[in-house]
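Participant: Sequence lines, in order, name chains A and B. Counting from 1 along the first sequence, just add 451 to a position and that's the residue number in my numbering. Counting from 1 along the second sequence, just add 451 to a position and that's the residue number in my numbering. Glycine is no exception: its CB is placed at the ideal position from the N, C-alpha and C atoms.
Protein chains: 2
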Amino acid sequence: MKNTLFDFISKYVSLTEDEKNAILSLDLFRSVKKGTTLLKEGQKSKDSYFVLKGCIRTYYIIDGEEKTTAFYTEMDALTPPCVINKTPSEYYVSCIEDSILLVSNSDMEVEVNSKFPKFEIMCRMLSEELLAKQQINFDEFKTSSPEQRYLNLLQKRPDLIQRVPQHQLASYLGIQPQSLSRLRARILEKKS
Amino acid sequence: MKNTLFDFISKYVSLTEDEKNAILSLDLFRSVKKGTTLLKEGQKSKDSYFVLKGCIRTYYIIDGEEKTTAFYTEMDALTPPCVINKTPSEYYVSCIEDSILLVSNSDMEVEVNSKFPKFEIMCRMLSEELLAKQQINFDEFKTSSPEQRYLNLLQKRPDLIQRVPQHQLASYLGIQPQSLSRLRARILEKKS
DNA sequence: CCCATTTCTTAACTTAAGTGAACGAGTTAT
DNA sequence: ATAACTCGTTCACTTAAGTTAAGAAATGGG
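1. Can you tell me whether threonine 455 of chain B is helix, strand or coil according to DSSP?
2. In angstroms with no decimal places, state the Cα-to-Cα distance between glycine 505 of chain B and leucine 475 of chain A.
3. Using DSSP's beta-bridge definition, name the partner residues of phenylalanine 570 of chain B.
4. Thinking C-alpha only, which one of B/Lys569, B/Ile507 and B/Lys495 is nearest isoleucine 535 of chain B?
5. Which residue from B/Pro616, B/Cys574 and B/Tyr601 puts its Cα closest to that of alanine 636 of chain B?
6. Given leucine 456 of chain B, which residues of its chain have a CB within under 7 Å of its CB, disregarding the five upstream and five downstream residues?
7. Between leucine 581 of chain B and chain A, is the shortest Cβ-Cβ distance under 9 Å, so that the two count as touching?
8. Taking only the alpha-carbon atoms, compute the straight-line gap between glutamine 585 of chain A and serine 632 of chain B and give it to the nearest angstrom.
9. Give the residues from the segment 553 to 580 of chain B that approach chain A closer than 7 Å (Cβ to any Cβ), ordered along the chain.
10. Can you give me, in chain order, the residues of the segment 587 to 602 of chain A that have a beta carbon less than 8 Å from any beta carbon in chain B?
11. Looking at C-alpha atoms only, which residue of B/Phe592, B/Met576 and B/Lys566 is the closest neighbour of aspartate 469 of chain B?
12. Taking 9 Å as the CB-CB limit, is proline 532 of chain A close to chain B?
13. Report yes if the CB atom of leucine 634 of chain A is closer than 9 Å to the CB atom of proline 597 of chain A, and no otherwise.
14. Listing by chain order, which chain B residues have their CB less than 8 Å from the CB of glutamine 585 of chain A?
15. Mind reading off the beta-carbon distance from serine 540 of chain A to glycine 486 of chain A? Whole number of angstroms is fine, and I expect it under 8 Å.
16. Under the assumption that threonine 594 of chain B contacts tyrosine 511 of chain A (Cβ atoms under 8 Å), give the Cβ distance between them as a whole number of angstroms.
17. Starting from isoleucine 513 of chain B, follow the beta strand (DSSP E) in both directions and report where the run begins and ends.
18. Would you mind giving the Cβ-Cβ distance between serine 550 of chain A and alanine 528 of chain A, rounded to the nearest angstrom? I have them listed as a contact below 8 Å.
19. Under DSSP, the alpha helix (DSSP H) around lysine 471 of chain B begins and ends at which residues?
20. Run through chain B and tell me which residues come within less than 8 Å of isoleucine 612 of chain A, C-beta to C-beta.
21. With 7 Å as the limit, tell me which residues of the segment 504 to 523 of chain A have their beta carbon closer than that to any beta carbon of chain B; keep them in chain order.
22. Examine chain A for any beta-carbon lying closer than 9 Å to the beta-carbon of glutamate 470 of chain B, and answer yes or no.
23. How should threonine 530 of chain A be labelled, buried or exposed, when 16 other C-beta atoms within 10 angstroms of its C-beta is the threshold for buried?
24. Relative to the alpha-carbon of threonine 524 of chain A, which residue among A/Glu517, A/Gln613, A/Pro532 and A/Ser465 has its alpha-carbon at the smallest distance?
25. Using CA atoms only, rank isn't needed, just tell me which of B/Glu580, B/Ser482 and B/Gly515 is closest to threonine 538 of chain A.
26. So with CB distances below 7 Å, who are the chain A contacts of asparagine 536 of chain B?
27. So, is valine 561 of chain A buried or exposed, given that buried needs 16 or more other C-beta atoms within 10 angstroms?
28. Under 7 Å between beta-carbons, which chain A residues line up against glycine 625 of chain B? List them in chain order, please.
29. On the DSSP bridge assignment, give the partners of glutamate 555 of chain A in chain order.
30. For the alpha helix (DSSP H) containing tyrosine 601 of chain B, list its first residue and its last residue.
31. Quick check: is the beta carbon of serine 496 of chain A nearer than 9 Å to any beta carbon in chain B?
32. Give the secondary structure of glutamate 516 of chain A by DSSP, where H, G and I count as helix, E and B as strand, and everything else as coil.
33. Kindly give me the distance between the Cβ atoms of threonine 519 of chain A and serine 630 of chain A, rounded to whole angstroms, as I take these residues to be in contact under 8 Å.
34. Let me know if proline 532 of chain A comes out buried or exposed under the rule of 16 or more other beta-carbons within 10 Å of its beta-carbon.
35. Check whether the Cβ of glutamate 541 of chain B lies closer than 9 Å to any Cβ atom in chain A.
36. Measuring CA to CA, which of B/Ile507, B/Asn454, B/Lys471 and B/Lys453 is closest to lysine 569 of chain B?
Okay, structure coming up:
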């Protein structure tokens, strides 16, 4: 787990042993059981998550219906908007597999960033990169049909389709569960 | 225009007169005529844009069709993914009104950031904030129908509907121009 | 000023997604 | 063991978006 983290960090900046130890001494690793809710609508939080193992999802409850909007798996980072905007959360975050997470607090990050300017640089690079990825993702979503989105997901994150319940996948694709079932049946029919 | 810029920056960090002059001496302001293409598909570029006045859009050409995915107006910042990823651009950027832009080069930013750590901090804060906004935007898009998206846009960016051609708005909403026409007629009918 | 082009709207038809209901399979709780 | 849920699928029906075509309105260039 430590290695997974440092491999990730090394993509952005190189750390000395001292710096690595400084991070480890913060004791950020958390084991989280499947089904645990990490953040609820209306809550204020300063926690960001980095997934070392497992899967977490973000979802809204709109008219009593769960609407899943994102999945975060190995090596994915999530800082909920409420942490940035210092507002109550608009969505839920929950754990859909037994997971190992790195949980960091924004107060702590401020402190670390001022002590180690390298972290400031890493955070900037990381959020720029995530923003670019997010933009491309959004663009692909906008420019394609539900069927294309599903086929695209099948290419890009085939694991998700295995490890995530269908009704959560459906809202991730912006459609109803019944439509996802139908759409998959349609695709199978085309192949034959 | 200078004031617009410094007002914007002051939301993140406070600058000394020297720092302000340092920025101005970089001579980043550009007047751009309506219709100008700032970036083409396949091109490599290191330029980021900040809109002081006017409007620019990003679009793809897919199967010969323009697909507009974003509009940037006053006080909006755009760093195309190709600048972050150092890859050829997947989309076009063009100017849809006579505009005044601040155009900054990523090489230059690296230099400025190392000279003034304040800028590094500002860039981090800015991209974190943009990422949070983008996430919420994407979530709203996923969880709503084309009609809801249009009504939502009418609330949040009513100016866009005035200043932007309908067929560009349509792909921004993820639908065909004909569907946007129909949808608007439907809404008018409901009101009466 | 006029022609060519682009833009927007409308209409008819096709296709796919939304909706409500029902069913079986698998899970959980009692 | 059985009842109560959840989950995924299927069906019939409704609604809305995609598609193709046509025409009116606005725009731009010569």
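Facilitator: Reading off the structure:
1. helix
2. 48 Å
3. Beta-bridge pairing links phenylalanine 570 of chain B to no other residue.
4. B/Lys495
5. B/Tyr601
6. Leu503 and Leu553
7. yes
8. 29 Å
9. Pro568, Glu571, Ile572, Cys574, Arg575, Ser578, Glu579 and Glu580
10. Ile587, Asn588, Phe589, Asp590, Phe592, Lys593 and Thr594
11. B/Lys566
12. yes
13. yes
14. Leu582, Gln585, Gln586 and Phe589
15. About 19 Å separates the two Cβ atoms, so there is no contact after all.
16. 6 Å
17. 507 to 513
18. Actually they are not in contact, since the Cβ atoms of serine 550 of chain A and alanine 528 of chain A sit about 14 Å apart, beyond 8 Å.
19. 468 to 476
20. Ordered by position in chain B, no residue passes the 8 Å Cβ test against isoleucine 612 of chain A, which lies about 17 Å from the chain.
21. Tyr511, Ile513, Lys518 and Thr520
22. no
23. buried
24. A/Gln613
25. B/Glu580
26. Ala583
27. exposed
28. Lys593
29. According to the sequence as given, residue 555 of chain A is serine; it is not glutamate. Answer is A/Ser499.
30. 597 to 607
31. no
32. strand
33. Going by Cβ atoms, the distance from threonine 519 of chain A to serine 630 of chain A rounds to 15 Å, so no, they are not a contact pair.
34. buried
35. yes
36. B/Lys471
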